[in-house]
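What the sequence shown shows, in our numbering, is residues 33 to 486, in sequence order.
Only one structure is covered here, and it is reproduced in the block below.
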Amino acid sequence: MFRIVVRSKRDADAVKAMISKFYPNWSIRVSTLHGARTYEKALMVLEDVINDEEFIIILLGKEDRKLLLELNRLKYPNVVFHLVPRARVRNARIEQLFHELEVARSMFRTIVTWNEELKAYVFSRIGGEVLENLEPNPAYDVFLALGQDFINNLGRVIGLEIESIPVLVRKFGGDHDIYVGKDKLGVLRIPDKGISPSGYIIRRDYPHISLSNIVNANEEVLNAFERISIKILENYRDWAQQVLVPWSGGKDSTVALLLAVKVFGKDKVKAIFCDTGLEFPFTISYVDEISKQFDVEVIRVYAGIDREIVEKKAPLPTHDYRWCTGMKIEAIESKIRELVSNKRTLVVIGDRDAESEKRSIRPPIRILDENLVYVAPLKMWSTAHVQLYLIRNNVPFNPLYLCGFYRIGCYICPALRSWEVYVMTRTKLIYEKLKDKPLFREFISLRESEDLKS
Numbered sequence: 033m034f035r036i037v038v039r040s041k042r043d044a045d046a047v048k049a050m051i052s053k054f055y056p057n058w059s060i061r062v063s064t065l066h067g068a069r070t071y072e073k074a075l076m077v078l079e080d081v082i083n084d085e086e087f088i089i090i091l092l093g094k095e096d097r098k099l100l101l102e103l104n105r106l107k108y109p110n111v112v113f114h115l116v117p118r119a120r121v122r123n124a125r126i127e128q129l130f131h132e133l134e135v136a137r138s139m140f141r142t143i144v145t146w147n148e149e150l151k152a153y154v155f156s157r158i159g160g161e162v163l164e165n166l167e168p169n170p171a172y173d174v175f176l177a178l179g180q181d182f183i184n185n186l187g188r189v190i191g192l193e194i195e196s197i198p199v200l201v202r203k204f205g206g207d208h209d210i211y212v213g214k215d216k217l218g219v220l221r222i223p224d225k226g227i228s229p230s231g232y233i234i235r236r237d238y239p240h241i242s243l244s245n246i247v248n249a250n251e252e253v254l255n256a257f258e259r260i261s262i263k264i265l266e267n268y269r270d271w272a273q274q275v276l277v278p279w280s281g282g283k284d285s286t287v288a289l290l291l292a293v294k295v296f297g298k299d300k301v302k303a304i305f306c307d308t309g310l311e312f313p314f315t316i317s318y319v320d321e322i323s324k325q326f327d328v329e330v331i332r333v334y335a336g337i338d339r340e341i342v343e344k345k346a347p348l349p350t351h352d353y354r355w356c357t358g359m360k361i362e363a364i365e366s367k368i369r370e371l372v373s374n375k376r377t378l379v380v381i382g383d384r385d386a387e388s389e390k391r392s393i394r395p396p397i398r399i400l401d402e403n404l405v406y407v408a409p410l411k412m413w414s415t416a417h418v419q420l421y422l423i424r425n426n427v428p429f430n431p432l433y434l435c436g437f438y439r440i441g442c443y444i445c446p447a448l449r450s451w452e453v454y455v456m457t458r459t460k461l462i463y464e465k466l467k468d469k470p471l472f473r474e475f476i477s478l479r480e481s482e483d484l485k486s
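Have a look at this one:
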């Protein structure tokens, strides 16, 4: 999935030592420019190295800054260039080298450029000018505000009517930079607790942006990401006797399911949907709708979280006490263990680096035993890549995303931030479905009390 290119063998040795410590079992390849210091010689080497089956990261030190700038003109969507702030790559401490590689990896999913001709965002370095003050960071994610309810909710919070398609950059501490075009429009601030997001406007003028133009502008990028993801899965086409996809009804696991069906066919693929007992009604309907569209079998398991609260008087899950997570994971993993039954089983998961540091450090392929392998083909995708891939493949979104949700879970999930809770209570489509559910009312009351305490 990954290849790192450095200038010399000694640089390669330093990178290999770093990989051994921080990326065990990742199978990262390391190549060199055979010591080349000129653009022409480096290009000759790269012509044999660059391929469409890997994400390729070219790391050079400050001595080769000029060469890096020249190579940066190459427009491959699966290649990034990163300067290590030392004279040579091998001069960096092993911990610093790890940090620089993490920043370089994040460039694939956090760099957004502006195509002035198409008036469209490109979710890659190849598109044109990078959005205003946007820098890559392993903790960031980027996504489109799609759906009129989403845009209306966003505009209501920041105090501006928006008649275009914004891009949001999720940063630290709940801050989200809002772009419409190449310039920043404002900031959305989302506390984890409570029910009251806030925001402000930086400017009021913005271009009109067409969704079809965005999709067209990202065709090359989507093709590149799809090829790499499909290649990872194809490596197991002959090995796998069955393919299982844990499916939440969210965007990431839906794309994972779509890719699995493309590679293995619908007869070999089964989706596993875990009903916690507290799913949004939209999610239940979405799973029914998309499983028919994909023509795949859905195996349903029940985690019983609602029963734990109602019958056993467990407290509502909170940020500090997420007792529900283990129950959901166990319900899914128990079903996977049951289904393996000596069959060579590939489990395709929708994990992405941008979701959390914990998921970022997991290798893309995990071999649990001789009959069970987990693979994460979307590891390097941003939310925007996932969104556009669904659109390009004519797969509808879970309606919650079109209202503003960043992630899908239970309707009393403690991971729902103030923004999602605001959306739940301000969007008629959602509120009318939930308002009569006692646990929803208790959850909202709890979140409102958090606002009063802050």
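Quick reminder that beta carbons are idealized off the backbone N, C-alpha and C, glycines included.
Being a predicted model, the structure only gives us computed values, none of them experimental.
For SER196, the CB contacts under 6 angstroms within the same chain, skipping 5 residues up- and downstream, are VAL212, TYR238, HIS240 and ILE241 in chain order. For the pair of segments examined, the segment 399-412 was found not to touch the segment 241-255: the number of CB pairs separated by less than 8 angstroms stays below three. Beta-bridge partners of GLY231 (DSSP): LEU220. Of the residues assessed, GLY191 falls on the exposed side of the cut-off, its CB having fewer than 16 other CB atoms within 10 angstroms. Judged by DSSP secondary structure, THR145 falls within the beta strand (DSSP E) whose first and last residues are 145-147. DSSP, reduced to helix, strand and coil, places TYR353 outside both helices and strands of the structure shown, so it counts as coil. Of the candidates LEU78, ARG449, GLU464 and LYS485, ARG449 places its Cα closest to the Cα of GLY205.
As a beta-bridge residue in DSSP terms, ALA303 pairs with VAL277 and VAL330. Contact check between the segment 256-264 and the segment 352-363: fewer than three CB pairs, one atom from each, fall below 8 angstroms, which does not count as touching.
Within the segment 410-447, the complete alpha helix (DSSP H) segments at least 4 residues long are 415-424, listed from N- to C-terminus.
Considered as a whole, the segment 149-203 harbours 152-154, 173-176 and 199-202 as its complete beta strand (DSSP E) runs of no fewer than 3 residues, in chain order. When the five nearest sequence neighbours on each side are left out, the beta carbons in the same chain lying within less than 6 angstroms of the beta carbon of ILE331 are those of LYS302 and ILE304, in order along the chain. Distance check between PRO168 and each of VAL144, GLU482, VAL154 and GLY179 places VAL144 closest, using alpha-carbon atoms only. Distance between ILE322 and PHE312, taken at the CA atoms: about 16 angstroms. Taking the Cα of ILE234 as reference, the smallest distance to any Cα among LYS225, LYS216 and PRO198 is reached at LYS216. Listed in chain order, the non-local C-beta contacts of PRO109 below 6 angstroms within the same chain comprise SER156, ILE158, GLU252, VAL253 and ALA256, local neighbours out to five positions each way being set aside. The criterion of a C-beta distance shorter than 8 angstroms is satisfied by ALA68 and VAL77. Under the DSSP assignment, SER63 falls in the beta strand (DSSP E) whose first and last residues are 61-64. A direct Cα-Cα distance of roughly 27 angstroms separates ALA152 from SER285. Secondary structure note for LEU78: it is in no beta strand (DSSP E), and the uninterrupted alpha helix (DSSP H) holding it is 71-81. Boundaries cannot be given for THR308, as no alpha helix (DSSP H) includes it and DSSP labels it neither H nor E. The C-beta of VAL199 has 16 or more other C-beta atoms within 10 Å across all chains shown, which makes the residue buried.
In this structure, DSSP gives HIS208 an extended state, which the three-state scheme calls strand.
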